[in-house]
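Written below as structure tokens is the structure these notes are about.
Residue numbers (the working numbering): 45 to 344.
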């Protein structure tokens with residue numbers, strides 16, 4: 045691993061590095077105020093640049109590969125969505141101290157949902173999220189890339205069961221296994237793939253006044269099955285708002301069951317592998333698992 049790749053870790057991404065990259069490649073922006081953005085994310089470092097821009101630097105090669113996808117597709121998706129998404133403003137090149145491409149986007153105002161604190165307008169937020177999800181899935185899929193989570197739910201079975209075993213003593217593995225089995229029993233998606241965001245978690249959603257004001261980080265976006273984006277029901281909504289969300293996205297029993305499975309298959313590895321390196325995301329994942337088990341206890 046090169047020195048630049050080593051620096052790409054969380055500790056090595058700082059204001060001086062970003063300002064140096066700006067000075068070399070976007071000198072007109074180099075003198076603007078630059079502030080690190082506190083984020084629970086694991087694959088990008090973000091800085092606010094001036095009043096209306098953001099700089100994103102990938103921490104891992106996979107995130108670097110996503111930059112081209114966002115630059116190509118975000119301007120095409122934005123006019124068709126009901127809330128703002130980032131607009132690419134510049135593509136940065138690798139530098140002496142930085143190994144990968146990076147990007148400058150428009151800044152979107154709003155706050156990430158706070159774990160443990162319900163939204164101020166849960167039913168309205170449920171409808172907002174449903175509007176975003178359904179608008180995205182209606183966009184013409186021609187030429188679109190596969191989403192990061194484009195496989196079938198069944199393809200995640202072995203990895204999910206391994207993680208469940210490794211979480212013995214951390215979660216109720218019997219109850220989690222029963223929930224996972226139930227999701228796998230649901231009929232598989234047999235329709236065409238549709239546009240999905242693929243990562244509708246608190247760190248990628250912005251709220252203002254309790255309402256959805258923006259969606260960010262489209263590195264995982266592309267074509268997949270509709271149930272993937274319904275993870276928002278457990279990652280972003282309290283129990284009393286999930287019915288409103290489900291009705292608004294018109295999810296049948298099979299889709300809703302697969303959505304639970306998708307949420308489990310994402311949250312369990314986050315809980316398993318991020319407890320020390322990213323306790324905030326691990327805490328969110330633990331809450332998601334708890335909400336899914338509570339749902340099953342209530343509704344079966």
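Virtual Cβ for every residue (Gly too), placed ideally from N, Cα, C.
Here the structure is a predicted model, which is why all the values come from computation and not from measurement.
Inset, instruction - Leaving aside the five residues before and after residue 100 along the sequence, list all residues of the same chain whose C-beta is less than 6 Å from its C-beta, in chain order. - result: 88, 90 and 147
Legend entry - Pairwise C-alpha distance: residue 120 and residue 294: 25 Å
Legend entry - Identified DSSP bridge partners for residue 241: Answer is none; residue 241 lacks a bridge partner.
Inset, instruction - Look at the alpha carbon of residue 183 and the alpha carbon of residue 94, and state the distance between them as a whole number of angstroms. - result: 32 Å
Inset, instruction - Going by DSSP, name the residue or residues bridged to residue 91. - result: 80 and 99
Legend entry - Length of the line joining the Cα atoms of residue 330 and residue 72: It is roughly 44 Å from the alpha-carbon of residue 330 to the alpha-carbon of residue 72.
Legend entry - Residues that DSSP places opposite residue 150 in a beta bridge: Within the DSSP secondary-structure output, residue 150 pairs in a beta bridge with 97.
Legend entry - is_contact[residue 78, chain D] using C-beta, thresh 8 Å: The chain labelled as chain D is not found in the depicted structure, where only one protein chain is given.
Inset, instruction - Consult DSSP for residue 257 and reduce its assignment to one of helix, strand or coil. - result: strand
Legend entry - Secondary structure, alpha helix (DSSP H): runs of 4+ residues fully inside the segment 134-222: The segment 134-222 contains these whole alpha helix (DSSP H) runs: 166-181 and 201-210.
Inset, instruction - Use the C-beta contact count for residue 110: other C-beta atoms within 10 angstroms, 16 or more gives buried, fewer gives exposed. - result: Flag for residue 110 reads buried.
Inset, instruction - Count the CB pairs spanning the segment 265-276 and the segment 122-131 that are closer than 8 Å, and state whether there are at least three. - result: In short, these stretches do not touch, since the Cβ pair count stays below three.
Legend entry - Own chain, CB closer than 7 Å to residue 287, minus 5 neighbours either side, in chain order: Take residue 287, set aside five residues on each side of it, and no residue of its chain has a beta-carbon closer than 7 Å to its own.
Legend entry - N-terminal and C-terminal residue of the beta strand (DSSP E) that residue 266 is part of: 266-268
Legend entry - Contact between the segment 298-311 and the segment 257-276 (3+ Cβ pairs under 8 Å): Judged by Cβ distances under 8 Å, the segment 298-311 makes contact with the segment 257-276, as three or more pairs qualify.
Legend entry - One or two residues paired with residue 132 in a DSSP bridge: Note: residue 132 sits in a beta bridge opposite 149.
Inset, instruction - Pull up the distance between the alpha-carbon of residue 112 and that of residue 132, whole angstroms please. - result: Here the C-alpha atom of residue 112 lies approximately 10 Å from the C-alpha atom of residue 132.
Legend entry - Delimiting residues of the beta strand (DSSP E) encompassing residue 249: 249-252 is the span of the beta strand (DSSP E), which, as asked, contains residue 249.
Legend entry - Residue interval of the alpha helix (DSSP H) (run including residue 262): No alpha helix (DSSP H) holds residue 262; DSSP gives it neither H nor E.
Inset, instruction - Compare the beta carbon distance of residue 30 and residue 196 with 8 Å and say whether it is the shorter of the two. - result: Residue 30 falls outside the range modelled here, since the chain spans only 45 to 344, and no answer is possible.
Legend entry - Three-state secondary structure (DSSP) of residue 86: coil
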